[in-house]
Amino acid sequence: MSESTEDVLGTAAQWLAEGETVAIATVVETWGSSPRPPGSRLAVTASGRLAGSVSGGCIEGAVAEAARETMRTGAPQLLDFGISDERAWEVGLACGGRLTVFVEKLA
Amino acid sequence: MTPALLARLRAAQAAKQPVALLTRLSDGHQCLWPEDACPGALAEAAQAALREDAARTVALDGEPWFVHPHNPPLRLIVVGAVHIAQALVPMALPLGFAVTVIDPRRAWATAERFPGIALRHDWPDEAMAALAPDSRTAVVTLTHDPKLDDPALDVALRSPCFYIGALGSRRTHAKRVARLREMGHGEAAIARIHAPVGLAIEAVTAPEIALSILAELVAVRRGAALAARAAPAAEQAA
Numbered sequence: 002m003s004e005s006t007e008d009v010l011g012t013a014a015q016w017l018a019e020g021e022t023v024a025i026a027t028v029v030e031t032w033g034s035s036p037r038p039p040g041s042r043l044a045v046t047a048s049g050r051l052a053g054s055v056s057g058g059c060i061e062g063a064v065a066e067a068a069r070e071t072m073r074t075g076a077p078q079l080l081d082f083g084i085s086d087e088r089a090w091e092v093g094l095a096c097g098g099r100l101t102v103f104v105e106k107l108a
Numbered sequence: 066m067t068p069a070l071l072a073r074l075r076a077a078q079a080a081k082q083p084v085a086l087l088t089r090l091s092d093g094h095q096c097l098w099p100e101d102a103c104p105g106a107l108a109e110a111a112q113a114a115l116r117e118d119a120a121r122t123v124a125l126d127g128e129p130w131f132v133h134p135h136n137p138p139l140r141l142i143v144v145g146a147v148h149i150a151q152a153l154v155p156m157a158l159p160l161g162f163a164v165t166v167i168d169p170r171r172a173w174a175t176a177e178r179f180p181g182i183a184l185r186h187d188w189p190d191e192a193m194a195a196l197a198p199d200s201r202t203a204v205v206t207l208t209h210d211p212k213l214d215d216p217a218l219d220v221a222l223r224s225p226c227f228y229i230g231a232l233g234s235r236r237t238h239a240k241r242v243a244r245l246r247e248m249g250h251g252e253a254a255i256a257r258i259h260a261p262v263g264l265a266i267e268a269v270t271a272p273e274i275a276l277s278i279l280a281e282l283v284a285v286r287r288g289a290a291l292a293a294r295a296a297p298a299a300e301q302a303a
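Chains as they are written, first to last, in this note's numbering: chain G, 2 to 108; chain Y, 66 to 303.
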């Protein structure tokens with residue numbers, strides 16, 4: 002999103018240039034009270050670096066965990082978080098919103 | 066996303082070209098509109114997403130695609146390289162504005178006072194005409210000086226810019242309104258000017274005034290109710 006000056010893509014490109022393995026997670030759909038709109042991005046590396054966000058901090062850990070698998074296999078994933086999903090409690094999406102996050106490897 | 070596509074996306078951003086990244090969510094297949102050939106329905110969705118500056122998911126042949134617009138930054142044109150501008154400009158950057166400061170007074174508009182910011186020393190009407198404010202542009206005049214502010218407002222009022230703010234008291238603005246009327250601007254056009262500029266938060270210091278201006282910019286851009294207030298001209302008439 003143009004309104005964000007957080008240059009997540011720039012950071013991801015920089016990490017890639019440094020030889021890191023990088024995945025990008027993007028909010029693709031939200032329902033109810035989700036803190037970050039569609040298009041919000043989180044970049045993660047296999048080494049554990051994080052930039053940007055896909056929520057208010059509730060699900061970043063779970064997304065980063067899923068991103069490890071995508072970085073290993075190269076296969077993208079579509080993750081669903083929300084109150085209808087028992088994982089919401091696991092990962093602590095206490096705000097009651099629901100969102101879908103697309104995770105892809107930068108490769 | 067391939068590194069090559071990431072590089073193309075970042076190149077488009079650097080060139081301030083509006084583009085949309087299209088992703089088929091089933092397998093991650095991607096293309097970049099308008100550089101790549103995209104099916105008609107996706108092209109339409111890309112245009113709509115860019116116009117509304119909002120990402121969305123659309124279905125094409127039963128497959129969901131994520132349409133992610135990447136617009137160039139919003140623009141903020143500041144007329145008057147004054148003290149308040151020095152507070153306003155650095156605060157506008159993290160809000161996503163690309164800032165240009167116009168002031169023909171070279172002693173004010175210096176790189177030392179505005180490090181890394183685009184500065185123009187031509188007369189405000191010429192500078193504004195060259196910058197061609199569009200619907201993603203905000204214009205704020207800060208000089209208090211009619212011979213600098215008025216020509217800039219004249220161009221701004223004839224542009225589709227989404228925000229026009231003018232520093233100065235109600236009294237100053239009443240005189241300004243009279244001058245703008247003489248220049249041929251109608252009431253509806255003049256009512257576009259937010260004056261006194263900024264939300265009413267009793268701002269005193271330059272950073273506080275900058276905060277009130279930027280809060281008003283965000284409120285107008287996001288359609289917040291507090292941005293809709295009586296037109297300045299009507300207030301004067303009352």
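We treat Cβ as the ideally placed atom computed from N, Cα and C, and that holds for glycine.
Report all residues from its chain with a CB closer than 8 Å to the CB of residue i; omit the five preceding and five following residues, and keep chain order.
i: ALA299 (chain Y); result: Any reading at ALA299 (chain Y) must be qualified, since the residue scores a pLDDT of 41, below 50, and its modelled position is unreliable; the value itself is stated next. Excluding positions up to five away in sequence, the list reads ALA256.
i: ALA120 (chain Y); result: ALA114, PHE131, VAL132, HIS133, PRO134
i: GLU100 (chain Y); result: ARG73, ALA77, VAL84
i: LEU190 (chain Y); result: It should be noted that the sequence gives Asp, not Leu, for residue 190 (chain Y). Taken in chain order, the residues that qualify are PRO216, ALA217, ASP219, VAL220.
i: ARG178 (chain Y); result: ALA146, GLN151
Between residue i and the rest of its own chain, which residues show a CB-CB distance below 6 Å, the 5 nearest in sequence each way excluded?
i: LEU207 (chain Y); result: GLY145, VAL147, ILE149, ALA150, LEU232
i: ALA47 (chain G); result: THR22, MET72
i: LEU291 (chain Y); result: ALA284
i: THR88 (chain Y); result: GLN95, PHE131
i: CYS226 (chain Y); result: PRO198, THR202, VAL204
i: ARG171 (chain Y); result: HIS186
i: ILE167 (chain Y); result: VAL144, ARG185, PRO189, ALA192
i: GLY20 (chain G); result: none
i: GLY98 (chain G); result: GLY33, SER34, SER35
Pop quiz: residue i and residue j are said to be a contact at Cβ under 8 Å. What is the actual Cβ separation, rounded to whole angstroms?
i: ALA24 (chain G); j: MET72 (chain G); result: 5 Å
i: LEU125 (chain Y); j: LEU107 (chain Y); result: 6 Å
i: LEU196 (chain Y); j: THR237 (chain Y); result: That belief does not hold up - the Cβ atoms of LEU196 (chain Y) and THR237 (chain Y) are roughly 25 Å apart, past 8 Å.
i: VAL29 (chain G); j: THR101 (chain G); result: 5 Å
Considering Cα atoms alone, identify which of the options is closest to residue i.
i: ALA163 (chain Y); options: Y:THR175, Y:ILE182, Y:ASP126; result: Y:ILE182
i: SER34 (chain G); options: G:LEU107, G:VAL102, G:GLY83; result: G:GLY83
i: GLY11 (chain G); options: G:PRO36, G:GLY53, G:VAL29; result: G:GLY53
i: PRO39 (chain G); options: G:PRO77, G:PHE103, G:VAL45; result: G:PHE103
i: ALA174 (chain Y); options: Y:VAL143, Y:MET66, Y:MET156; result: Y:VAL143
i: PRO83 (chain Y); options: Y:ARG287, Y:ALA197, Y:ASP118; result: Y:ASP118
i: PRO180 (chain Y); options: Y:MET193, Y:VAL154, Y:ASP187; result: Y:VAL154
i: ALA44 (chain G); options: G:THR101, G:ASP81, G:TRP16, G:GLY75; result: G:TRP16
i: ARG25 (chain Y); options: Y:ALA253, Y:LEU213, Y:ARG236, Y:LYS240; result: Past the edges of chain Y, shown from 66 to 303, lies residue 25 (chain Y), and the structure says nothing about it.
i: GLY230 (chain Y); options: Y:ALA69, Y:ALA260, Y:PRO272; result: Y:ALA260
i: LYS240 (chain Y); options: Y:CYS226, Y:PRO225, Y:HIS209; result: Y:HIS209
i: LEU213 (chain Y); options: Y:LEU196, Y:ALA197, Y:CYS226, Y:ALA192; result: Y:ALA192
i: GLU7 (chain G); options: Y:VAL262, Y:ILE167, Y:LEU158, Y:ALA102; result: Y:LEU158
i: ARG286 (chain Y); options: Y:ALA268, Y:LEU160, Y:ARG235, Y:ILE266; result: Y:LEU160
Are residue i and residue j close, meaning C-beta to C-beta below 8 Å?
i: THR27 (chain G); j: ARG42 (chain G); result: yes
i: VAL55 (chain G); j: ARG69 (chain G); result: no
i: ARG244 (chain Y); j: PRO211 (chain Y); result: yes
i: LEU90 (chain Y); j: LEU107 (chain G); result: no
i: ALA275 (chain Y); j: ALA176 (chain Y); result: no
i: LEU51 (chain G); j: ALA65 (chain G); result: yes
i: ILE258 (chain Y); j: VAL205 (chain Y); result: no
i: TYR228 (chain Y); j: LEU264 (chain Y); result: no
i: GLY288 (chain Y); j: PRO77 (chain G); result: no
i: ALA111 (chain Y); j: TRP98 (chain Y); result: yes
i: ALA14 (chain G); j: ARG75 (chain Y); result: yes
Starting from residue i, find everything on chain A with Cβ-Cβ shorter than 8 Å and list it in chain order.
i: LEU153 (chain Y); result: Among the protein chains in the structure shown, which are G and Y, there is no chain A.
Who are the Cβ neighbours of residue i in its own chain at under 7 Å, not counting the five residues just before and after it?
i: PRO104 (chain Y); result: LEU125
i: GLY75 (chain G); result: LYS106, ALA108
i: TRP188 (chain Y); result: PRO169, PRO216
i: GLU128 (chain Y); result: ARG89, SER91
i: ALA67 (chain G); result: GLN78, LEU80, VAL104
i: PRO272 (chain Y); result: ALA152
i: MET66 (chain Y); result: GLN95
Could you check whether the stretch 248 to 255 of chain Y touches the stretch 217 to 237 of chain Y, counting it as contact only if at least three pairs of C-beta atoms, one from each stretch, sit closer than 8 Å?
Touching, yes, given that three or more Cβ pairs across the two stretches are closer than 8 Å.
| field | Given 8 Å, three or more beta-carbon pairs between the stretch 133 to 142 of chain Y and the stretch 191 to 210 of chain Y | value | Using a C-beta cut-off of 8 Å, the stretch 133 to 142 of chain Y makes contact with the stretch 191 to 210 of chain Y, since at least three inter-stretch Cβ pairs fall below that distance.
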